[in-house]
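S.K.:
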Amino acid sequence: MKFRIQKFLLASMLLICGISSQADTVKFSAPAEYCFPQTSVRSEFGKFDKVILDHNVIINEQDHFKPGDIFVGFRRKSQPDVIWLTDGTSWLNAADNDDTTPKNYPVILPNGDDKLQPVMPIMLSHEPIDVSAFVDDGEVWVGYGLRTADETWEKSYADMISNSRFSKIWDITGSTPASGLPGDLPTICLTATEMKTTVFTLNHDLPSNDTVILDIDAVGIATKP
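For the sequence shown, counting from 1, position 189 maps to 190 in our numbering; every step adds exactly one.
1. Below 8 Å, how does it come out for the region 102–110 and the region 189–202: are there three or more Cβ pairs, yes or no?
2. Mind listing, in chain order, the continuous alpha helix (DSSP H) runs of no fewer than 4 residues lying wholly within the region 72–150?
3. Going by CA-CA distance only, name the one from G146, I60, S44, W85 that's closest to P129.
4. Using 10 angstroms around the beta-carbon of M124, count the other beta-carbons present and answer buried if the total reaches 16, otherwise exposed.
5. Identify the residues that DSSP records as bridge partners of W171: which are they?
6. Count the other CB atoms within 10 Å of the CB of H127; is the residue buried (16 or more) or exposed (fewer)?
7. Would you call the CB atoms of Y145 and F66 closer than 8 Å?
8. Per the contact definition of three or more C-beta pairs closer than 8 Å, is the region 166–186 in contact with the region 133–144?
9. Counting along the chain, where does the beta strand (DSSP E) carrying S44 start and finish?
10. Keeping to the same chain, check which residues put their C-beta closer than 6 Å to that of Y35; ignore five residues upstream and five downstream.
11. Classify D70: buried if its beta carbon has 16 or more other beta carbons within 10 angstroms, exposed otherwise.
12. Could you have a look at L11 and say whether DSSP puts it in helix, strand or coil?
13. Under the three-state reduction of DSSP, which class applies to D50: helix, strand or coil?
14. Quick one: what does DSSP say D64 is sitting in, helix, strand or coil?
15. Leaving out the 5 sequence neighbours to the left and right, which residues in its chain are closer than 7 Å to G89 when beta-carbon positions are compared?
16. What are the boundary residues of the alpha helix (DSSP H) that S163 is part of?
17. In whole angstroms, give me the CA-to-CA distance for A150 and G113.
18. Out of Q63, K78, A179, point me to the one whose CA is closest to F46's CA.
19. Where does P32 sit, in a helix, a strand or coil, going by DSSP?
20. Out of curiosity, what's the CA-to-CA distance linking V52 and Q118?
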């Protein structure tokens, strides 16, 4: 299975290019409310070969603004004891202790800290993905765990498991991708009193915005979600 990705990502640009920013804040004359589904799945013609899944992790009130990590997992009903976690790029076996790659899902947080916001948006993939091989077999799970500022993702993962802070957000089944969403899917509404707009200016020329083809069979993602 192959898919196209952009040759550079925002995180890479921030590392290789100096940037400057300017922020403007507009205060609203009255509180404004923005509502959106907690989970949404989009596909082309209702098929499973080009799917985008978005989800908003709701952090428990007592855990707001505490250091922690988000985890996005995949499990097959045919192999229920094998859990795969994504670091946003690859899928890694959660039980593989020899692989030292961090297995938490990267989320850009305000001020660059690692404190969990009340609502944490995630995306299963930045490009449409083909999940047709996992229809009636695959499940996507999401959760979060707590740790101290000096601890690593292993601690937050263990905390998530021990406190059952995870849930299934998508069952890859049915006639269309949306068929597998929970029947009691909630809608999230946020109230805002101001809007802050930040404009980033790159101080160096960007590399060309061409694309590359990655054969993810070669890196073990096609059969390991």
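Here a beta-carbon is modelled for each residue, glycine too, at the ideal position from N, C-alpha and C.
Quantities reported herein were computed from a predicted structural model and do not represent experimental measurements.
M.R.: So, from the listed chains and residues:
1. no
2. none
3. S44
4. exposed
5. According to DSSP, which records beta bridges pairwise, W171 is partnered with V141.
6. exposed
7. no
8. yes
9. Counting along the chain, the unbroken beta strand (DSSP E) around S44 starts and ends at 40–44.
10. L191
11. buried
12. Here L11 scores only 46 on pLDDT, less than 50, and its place in the model is too uncertain to base an answer on.
13. coil
14. helix
15. Y106, P107
16. 154–163
17. 13 Å
18. Checking every option, the nearest Cα to that of F46 belongs to A179.
19. strand
20. 27 Å
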